[in-house]
Amino acid sequence: MASLREKTPSDAFIARSEAPSPLPPDSAKHETISAESNWSESEEKALVRNGNALTDNFLVDVGISQNWFNVGQQLLNAGIVLLEIPSNLILYRVGPRIWIGCQVIACRRFGFFFLGSGIAQACGGLLAYGVLHMRGVAGMAGWQWLFIIEGLLTVISGIIFLSLFPGLPSDPVSLLRVSFFNEREIMIMQSRLLLDNDTRTARSQHITGSHILSTIKDPKVLLHVLLTICGLAPTTALWSYAPTIVRSFGYGRLEANALVSVGQWISVCLIIVAAFAADKTGRRGLVVLFGVFCQWVFMVTFRGLPDSSSAGLKFGIITMGTATCSWWHSVNGSWLSINASCPEKRAIRMAMFIMAANCAGIVGGQLFRSDDLPYYHRGWTIIAVLMSIALSVVCVLLILYWRANKALVSEGTMVERAGAGNRHHEDGLQRQSRPATLPCNY
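Add 485 to the 1-based position in the sequence shown for our numbering, that's all there is to it.
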């Protein structure tokens with residue numbers, strides 16, 4: 486968790502039309518949090534693979550073409566896109582324990598999301614290297630064993646999540662009646678939830694049509710969606726085909742899976758670095774810009790490599806391309822989330838964010854096609870174009886936030902003025918009070 490001490494201003498921005506409503510008459514008791522209802526500084530610090538199967542003759546065993554495999558990938562993402570907003574509406578009503586727990590059991594994709602897709606991808610390559618050696622055991626192919634083992638791990642993780650995840654803040658115990666919080670921690674949690682509600686009113690259980698309409702009409706939200714689609718489409722393509730591409734460099738079938746995990750483990754480290762940098766500087770937009778720029782450099786560089794380049798050079802570039810894929814994605818999500826004026830709009834924003842990520846999967850699912858073999862020149866050209874669009878979108882977003890913040894400061898309508906002296910929510914954890922005259926960073 487971030488410290489409660491005052492830090493550099495964040496890049497949070499809330500439009501004039503979304504300014505929080507005035508504090509209710511009885512809100513004075515929530516103006517400050519007593520020492521007993523908050524963490525001490527020491528306490529705060531204490532808190533704070535389908536692509537692998539492709540290299541095992543999956544397409545031959547199943548009897549499908551590469552292009553039909555791409556369609557299957559797209560159908561998975563299309564289902565998530567169609568059901569994401571209804572899913573968030575249900576989540577908002579029934580709570581995360583029941584809804585997320587059931588989804589983890591029923592859908593591996595959601596399990597990856599909540600367990601950390603970066604770690605899952607990195608571990609997946611190493612797991613595949615070992616499991617694919619099981620080809621012939623019990624008369625099954627290695628990719629079949631890979632699906633069975635990974636599927637069982639997902640179901641088991643879902644059962645554990647469903648059994649142990651705490652319930653509502655008013656009764657934070659699991660289905661097995663296991664409590665992870667003492668009385669003081671429960672009091673702190675409930676106090677922070679009060680601060681998390683920007684309107685300082687009781688939390689509504691309903692998301693209205695006006696919430697949805699105003700969110701999807703926000704140009705900055707739409708730009709975040711476009712950034713996610715263009716920036717993540719190359720990532721989804723590489724997650725599926727990186728082992729196959731590396732194998733084409735002359736490496737062995739099983740060796741390719743292990744080698745691909747190198748870039749994925751680097752990506753896990755970069756995700757942590759990006760989160761740390763965004764938290765320390767408060768400038769999420771600049772962190773996203775740097776992350777997208779790095780990914781753009783390696784994607785464009787790989788496209789420009791001559792076909793006759795050495796295997797070592799190709800592997801080095803694609804490893805760094807894999808490493809820089811989507812490491813900015815989580816920061817982009819927090820950048821979008823903290824700009825919501827109420828929990829209802831935040832839920833819609835995050836639903837659109839997840840939908841955009843899966844739309845990227847639909848786009849990325851057809852970047853590498855069989856008629857573009859063996860070097861995928863057309864696919865890499867499209868990737869270079871998509872990353873160029875993503876880089877341009879980040880620059881436009883930074884300009885829009887800068888102009889909007891400048892207008893807010895000049896008019897004296899910064900969101901902090903509506904609740905001067907209150908501590909506000911930042912990044913889901915950090916709260917701070919800032920002078921209303923200071924602009925929000927970007």
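Glycine included, each C-beta is placed from N, C-alpha and C at the ideal position.
Exposure of residue 552, with buried meaning 16 or more beta-carbon neighbours within 10 Å: In the sequence shown, counting from the first residue as 1, residue 552 sits at position 67. By the 10 Å Cβ count, residue 552 comes out exposed.
Where does residue 860 land, buried or exposed, given buried means 16+ other C-beta within 10 angstroms? Within the sequence shown, residue 860 is the residue found at index 375, counting from 1. Exposed: under 16 other Cβ atoms inside 10 Å.
Taking all protein chains shown into account, do 16 or more other C-beta atoms lie within 10 angstroms of the C-beta of residue 451, making it buried, or fewer, making it exposed? Since the first residue shown for the chain is 486 and the last is 927, residue 451 is missing from the structure and cannot be characterised.
Candidates 725, 798, 745, of which the one nearest residue 848 by Cα: For the purposes of this step, residue 848 is taken as the residue at position 363 of the sequence shown. From the listed residues 725, 798, 745, the smallest Cα separation to residue 848 is found for 725.
So residue 787 and residue 802 are supposed to be a Cβ contact under 8 angstroms. How far apart are they, rounded? By one-based count along the sequence shown, residue 787 stands at place 302. By one-based count along the sequence shown, residue 802 stands at place 317. Their Cβ separation, rounded to whole angstroms, is 5 angstroms, which keeps residue 787 and residue 802 in contact under 8 angstroms.
Measure the C-alpha to C-alpha separation of residue 784 and residue 618 and round it to an integer number of angstroms. Residue numbering aside, residue 784 sits at position 299 when the sequence shown is read from its first letter. Residue numbering aside, residue 618 sits at position 133 when the sequence shown is read from its first letter. C-alpha separation (whole angstroms): 32 angstroms.
Is the beta carbon of residue 714 closer than 7 angstroms to that of residue 808? Looking up residue 808 in the sequence shown gives position 323. Looking up residue 714 in the sequence shown gives position 229. It is not a contact, given that the beta carbons lie outside the stated cut-off.
Rounded straight-line distance, which links the Cα of residue 752 to that of residue 643: Counting from 1 along the sequence shown, the entry for residue 643 is found at position 158. Counting from 1 along the sequence shown, the entry for residue 752 is found at position 267. Here the alpha carbon of residue 643 sits roughly 25 angstroms from the alpha carbon of residue 752.
Evaluate residue 756 with the Cβ neighbour count: other Cβ atoms within 10 Å of its Cβ, from every protein chain shown; 16 or more gives buried, anything less gives exposed. Here residue 756 is taken as the residue at index 271 of the sequence shown, counted from 1. With 16 or more other Cβ atoms within 10 Å, it is buried.
Range of the contiguous alpha helix (DSSP H) that encloses residue 721: Numbered from 1 along the sequence shown, position 236 holds the residue referred to as residue 721. Per DSSP, residue 721 belongs to the alpha helix (DSSP H) from 704-732.
Which partner residues does residue 664 have in the DSSP bridge list? The sequence position of residue 664 within the sequence shown is 179, counting from 1. Residue pairing by DSSP places residue 664 opposite 658 in a beta bridge.
Residue 626 by DSSP, collapsed to three states: which one? Counting from one through the sequence shown, the residue named residue 626 turns up at place 141. DSSP places residue 626 outside both helix and strand once states are collapsed to three, so it counts as coil.
Looking at the structure shown, is residue 853 part of a helix, part of a strand, or coil, going by DSSP? Translated into the one-based positions of the sequence shown, residue 853 becomes position 368. Coil, per DSSP.
Please classify residue 817: does DSSP put it in a helix, a strand, or coil? If you number the sequence shown from 1, residue 817 lands on position 332. Helix, per DSSP.
Return the residue from the list 824, 674, 758 that minimises the CA-CA distance to residue 656. What you label residue 656 is simply residue 171 of the sequence shown in a count that begins at 1. In this structure, 674 is the residue among 824, 674, 758 with its C-alpha nearest to the C-alpha of residue 656.
Contact set for residue 938: own chain, Cβ-Cβ below 7 angstroms, skip 5 residues either direction: Residue 938 lies beyond the stretch modelled for the chain, which goes from 486 to 927, so this question has no answer here.
May I ask you to report which of helix, strand or coil DSSP gives residue 923? Indexing the sequence shown from 1 puts residue 923 at position 438. Bear in mind that the predicted position of residue 923 carries a pLDDT of just 39, short of 50, making it too unreliable to give a figure here.
Terminal residues of the continuous alpha helix (DSSP H) containing residue 754? Sequence index remark: in the sequence shown, residue 754 carries index 269 (1-based). Run containing residue 754: 738-766, per the alpha helix (DSSP H) assignment.
Anyone know if the C-beta pair for residue 813 and residue 876 falls short of 7 angstroms? Sequence index remark: in the sequence shown, residue 813 carries index 328 (1-based). Sequence index remark: in the sequence shown, residue 876 carries index 391 (1-based). No, Cβ-Cβ distance for residue 813 and residue 876 is not below 7 angstroms.
Spatial distance of residue 627 from residue 621 (CA atoms): Here residue 627 refers to the residue found at position 142 of the sequence shown. Here residue 621 refers to the residue found at position 136 of the sequence shown. Straight across, the Cα-Cα distance linking residue 627 with residue 621 is about 7 angstroms.
When the Cα atoms are used, what is the spatial distance from residue 645 to residue 654? In the sequence shown, counting from the first residue as 1, residue 645 sits at position 160. In the sequence shown, counting from the first residue as 1, residue 654 sits at position 169. The straight-line gap from Cα to Cα measures roughly 20 angstroms.
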